[in-house]
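Here my numbering is used: the first residue of the sequence shown is 11, the next is one more, and so on.
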Amino acid sequence: MLGQNIPYSKELIVERYVIPLAPIWGGLVKEVHVLPNTPLHKGDPIFSMDSEPWLDKLKTA
Numbered sequence: 011m012l013g014q015n016i017p018y019s020k021e022l023i024v025e026r027y028v029i030p031l032a033p034i035w036g037g038l039v040k041e042v043h044v045l046p047n048t049p050l051h052k053g054d055p056i057f058s059m060d061s062e063p064w065l066d067k068l069k070t071a
């Protein structure tokens, strides 16, 4: 598993917790609200999804 969630090279191994994120439904990411290496707090938005395709389906349902 080394390398999948832990960056490494011949000179250095850096271990950190990596949490994979995925939305419940598919679609396009409209906006990313975070910057690399920025602390997050509970409830902070991480990304926004494009809701137009889902709103169209809701209107026709």
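Ideal placement from N, C-alpha and C gives every residue a C-beta, glycine not left out.
Check this for me: beta carbons of residue i and residue j, under 7 Å apart or not?
| i | j | result |
| --- | --- | --- |
| D60 | G37 | yes |
| I56 | V44 | yes |
Near residue i, which residues of its chain fall below 6 Å by C-beta distance, leaving aside the five closest residues on each side in sequence?
| i | result |
| --- | --- |
| H51 | none |
Candidates the options: which alpha carbon is nearest residue i's?
| i | options | result |
| --- | --- | --- |
| V28 | L68, P46 and T70 | P46 |
| I34 | S58, L68, K69 and T70 | S58 |
State yes or no: is the beta carbon of residue i nearer than 7 Å to at least one beta carbon in chain B?
| i | result |
| --- | --- |
| W35 | The displayed structure is made up of one protein chain only, and chain B is not part of it. |
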